[in-house]
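In this text, residue positions in the sequence shown follow numbering that gives the first Met the number 0: the first is 0, and each later residue adds one. All C-beta atoms in this analysis are idealised placements derived from N, C-alpha and C, irrespective of residue type, glycine included. Model, not experiment: these values are computed from the prediction.
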Amino acid sequence: MAKSNFDLPDIDTCIERLKLVSKQTTASAVMRWLGLPESTYSNWKRRGSINYDRVIEGLLRQNVSLDWLFAPNVELFYPNVSLTVTEKDGVAYSTPSVADTLKALEFVEPIMEQHQVPMTEQNRQFMAETFFKRRGDAMLLETALHQVALALATAQKEK
0 MAKSNFDLPD IDTCIERLKL VSKQTTASAV MRWLGLPEST YSNWKRRGSI NYDRVIEGLL
60 RQNVSLDWLF APNVELFYPN VSLTVTEKDG VAYSTPSVAD TLKALEFVEP IMEQHQVPMT
120 EQNRQFMAET FFKRRGDAML LETALHQVAL ALATAQKEK
C-alpha cells in the first residue's frame, strides 16, 4: 500500500479537535461522546497510534462531518451528483426522491416569496438544486458563488 502524501492528525491534535466539536473537556469524556470505552484514549496514547476507524464511526454516529478533523482548511472536491453503490451495477447516479424535492420546495418557496422571486418552474428548480448542494447547514463557497453566478446570468437573460 502506497504511503499517502497527507498526514493524519496525531493523537494530541485529534483529541483537541474532538474536544472542540464535542464540547467535552477531557479525553475520557470525548471517548464517551464517541461511544467508546474511556480506556480507549490511554490505550491509543500508550501505543502511540489512533484507530481512526473508531473515530470515524463515532463522528458519523454523532452526525459530524469528517472534513474538519482530517482536512481542516483544505479545499476538497465534492461531487455534485448523488452516487449510490450497488452490488449489481457498481455506481449508479440517483436523483432526489419526490419527497426530498417537496421538502426542498417547502424550504425554498418562503424564501422566494420573501424576496419576491417569481414562482416560475425555472426559479423553483434553480432554488431546489441549490438546496440539494448544501453540506449540512452550509455550502462550500465555490458552490455558492457558482449558484449566484448562474442566478445573475439567468436574470440578465430575462431583461
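Using a Cβ distance threshold of 8 Å, R123 and L144 do not count as a contacting pair. The beta carbon of L65 lies closer than 7 Å to those of I55 and L58 in the same chain, with the five residues before and after it left out. Fully enclosed alpha helix (DSSP H) runs of no fewer than 4 residues occupy 38-46, 51-60 and 66-69 of the stretch 32-71, in order along the chain. By the Cβ rule, the stretch 94-101 does not count as touching the stretch 113-123, because fewer than three pairs are nearer than 8 Å.
If the five residues before and after Q23 are omitted, its C-beta is found closer than 7 Å to the C-beta atoms of V29 and W32, all from its own chain and listed in chain order. Residues of the same chain with a CB within less than 8 Å of the CB of W67, apart from the 5 flanking positions on each side, are R16 and V20 in chain order.
In this structure V107 is buried. Its beta-carbon is surrounded by 16 or more other beta-carbon atoms within 10 angstroms. About 17 Å separates the Cβ atoms of Q146 and T119, ruling out a contact at the 8 Å cut-off.
Here DSSP, grouped into helix, strand and coil, assigns K102 to helix. Check the Cα spacing between K44 and each of R53, R60, D52 and A26: the tightest is with A26. Annotation for F131: P95 and A103 place their beta carbon closer than 7 Å to its own, counting only its chain and skipping 5 residues before and after. Contact annotation: R53 and L35 have beta-carbon atoms nearer than 8 Å. Contact between I14 and Y51 fails: their C-beta atoms lie close to 13 Å from each other, not under 8 Å. Here H145 carries a helix assignment [DSSP, helix/strand/coil]. Burial check for A127: the Cβ neighbour count within 10 Å reaches 16 or more, so the residue is buried. Note that the C-beta distance between L139 and F69 is not below 8 Å.
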